[in-house]
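Q: This note's numbering numbers the first residue of the sequence shown as 6 and each following residue consecutively.
Beta carbons: idealized from backbone N, C-alpha and C, even for Gly.
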Amino acid sequence: MSEKILGRDELESMLIGVGILGTGGGGDPDLFGKPLIEWDLSKGREYRIIDPAKIDDDAFVVSGGYAGSVTVYRSIGDTLKKWEERYELLEALKIMESLFNKKIDYVVPFELGGVNTPVILSLAARAGIVTIDGDGLGRAAPETQMSSFLGHGISLTPMPFVDKEGNVLIVKHAVKSTYPDEIMRFALDLNGGIGANNHYPMSGKQLKESVVPNTISFSIKVGDAIINAVETKSDVIDAFVEVSNGIELFRGTVKEMKGEDVRAHYLAKATLEGTGEYAGRTMEIIFKNEAMMARVDGQIVAVFPDLICMIDPRTGKGIMTVNIKPGLEMAVVGVPAHERLRECLKTEIGREAFSPARFGFPEVKYEPIEVLTKRVLG
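1. Using only CA atoms, which one of 297, 224, 306 lies nearest to residue 255?
2. Evaluate residue 294 with the Cβ neighbour count: other Cβ atoms within 10 Å of its Cβ, from every protein chain shown; 16 or more gives buried, anything less gives exposed.
3. At what residues does the alpha helix (DSSP H) containing residue 382 begin and finish?
4. With three or more beta-carbon pairs closer than 8 angstroms as the criterion, would you say the segment 117-124 touches the segment 156-167?
5. Quick check for students: name the residue ranges of the beta strand (DSSP E) that lie wholly in the segment 229-270, counting only runs of 3 or more.
6. For the beta strand (DSSP E) that residue 10 lies in, which residues bound it at each end?
7. Given a threshold of 16 other Cβ atoms within 10 Å of its Cβ, counted over all protein chains shown, does residue 380 qualify as buried or as exposed?
8. Can you give me the Cβ contacts of residue 357 inside the same chain, cut-off strictly under 6 angstroms, excluding the 5 residues immediately before and after it?
9. Could you pull out every unbroken beta strand (DSSP E) segment of at least 3 residues lying fully inside the segment 270-302, listed in chain order?
10. Quick test of your reading: residue 309 and residue 297, contact by CB under 8 angstroms. State the CB separation rounded to the nearest angstrom.
11. With the cut-off set at 9 angstroms, would you say residue 225 and residue 71 are in Cβ contact?
12. Suppose you measure from the CA of residue 245 to the CA of residue 11; what does that come to, to the nearest Å?
13. Shortest alpha-carbon distance to residue 321 belongs to which of 230, 52, 284, 287?
14. If contacts are defined as beta-carbon pairs under 8 angstroms, then residue 139 and residue 218 qualify, I think. What distance do you get, rounded to the angstrom?
15. Quick check on residue 304: buried or exposed, where buried means 16 or more other Cβ atoms within 10 Å of its Cβ?
16. Measure the alpha-carbon distance for residue 208 versus residue 223 and round it to whole angstroms.
17. Is the segment 338-350 in contact with the segment 146-156, if contact means three or more CB pairs nearer than 8 angstroms?
18. For residue 319 and residue 241, I'd like the C-alpha separation in whole angstroms.
19. Measure from the alpha carbon of residue 202 to the alpha carbon of each residue in 371, 169, 365, 55, then state which is nearest.
20. So for residue 35, helix, strand or coil by DSSP?
21. What runs of the alpha helix (DSSP H), each 4 residues or longer, lie entirely inside the segment 335-361?
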């Protein structure tokens, strides 16, 4: 077993990386993720990760994270002190262990994000175990069933959920893949919009066959590339395109942003007016917490699960959905989803779980970003 302890510089780079790859969601890395990391380091906690290929086939692994609208994860407030008394993720983990009468060996992040990556690292540190270097998406996503784990035959349930008041909900079984998340959203609406879950209990063998691997390491690599571009006064967007094998979709200024919280999700639409080589063109981005679909001049150029990354062209940092407002300058870069996510779309349960109907567009069919951009942008 080969573990790695993440140092302060690596964690700083990781936050930049997940802030971009989180596609507008997953929590604010500066106002939430960074204070959590600083707090944990001051308490002597170590963030240890391991390559998924290195774990035993019979290991017991679970995923998890915090849930709720992106609007409730803007800043950390007094949460850190409360988490020393009650860390909902740790409570959910203990419930999962009791359900299986078995100790959990590793935790794997559900997604990449400024909250949902650090909180799993913190969970592992508090539980005395190790975090898998990987996640279920290689990005962030608004719903629990949207995961490579589900698409590779791993059951989402049982799913213990603990809210900030201490209420516990356990979804033992679900006939429909979307049911656990929908029930959890009702619970979130009742008690302040914040809670944590554990889900996708699996063996080490199942993990290795389904995880999007080494995404924490990749987030660090992305952050390093951005830091280097800033220090050398290079174009930060070009740096991200190169390190991510991405496709520049647009550069422009936000003309309009309309959004509202609906059942613990932030539903929104941003309209951008192009600048530079994109002058005279318009982009629309559809959000359900994260950026889920982008259109240029009315034609789709990217759709979930492919990544729509919004970046500040001056700092290179990712732009959170809740921070988008008229007058904001941004560059938009698309990144092909990992092949393991695309494989999910070949299954019936994956098509149900990932459907554009989940963010209001049942008529849209997924096409790879490489196909869409060639058709629309040339």
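A: Quick answer:
1. That would be 306, whose Cα lies nearest to the Cα of residue 255.
2. It counts as buried.
3. Following the DSSP letters along the chain, one finds residue 382 in no alpha helix (DSSP H), marked with neither H nor E.
4. Touching, no.
5. As far as the segment 229-270 is concerned, its whole beta strand (DSSP E) runs of at least 3 residues are 252-267.
6. Counting along the chain, the beta strand (DSSP E) containing residue 10 begins and ends at 8-10.
7. Sixteen is the threshold: since fewer than 16 other Cβ atoms of the shown chains lie within 10 Å of the Cβ of residue 380, the residue is exposed.
8. Around residue 357, the same chain offers 182 as residues with beta carbons nearer than 6 angstroms, after the five sequence neighbours per side are excluded.
9. Annotation note: the segment 270-302 contains the following uninterrupted beta strand (DSSP E) runs of length 3 or greater, listed N- to C-terminal: 270-279, 287-293, 295-301.
10. Contact holds; Cβ gap of about 5 angstroms.
11. When the beta-carbon positions are compared, residue 225 and residue 71 stay at least 9 angstroms from each other.
12. Roughly 22 angstroms separates the two Cα atoms.
13. The shortest C-alpha separation from residue 321 is found at 230.
14. Rounded, the Cβ-Cβ distance is 5 angstroms, consistent with contact.
15. Residue 304 should be labelled exposed.
16. When rounded, the distance between both Cα atoms is 24 angstroms.
17. Flag = yes, the segment 338-350 and the segment 146-156 touch.
18. CA-to-CA, the gap between residue 319 and residue 241 works out to about 7 angstroms.
19. The residue among 371, 169, 365, 55 with its C-alpha nearest the C-alpha of residue 202 is 169.
20. Correct three-state label for residue 35: helix.
21. Entirely contained in the segment 335-361, the alpha helix (DSSP H) runs reaching 4 residues are, in chain order, 344-349, 353-359.
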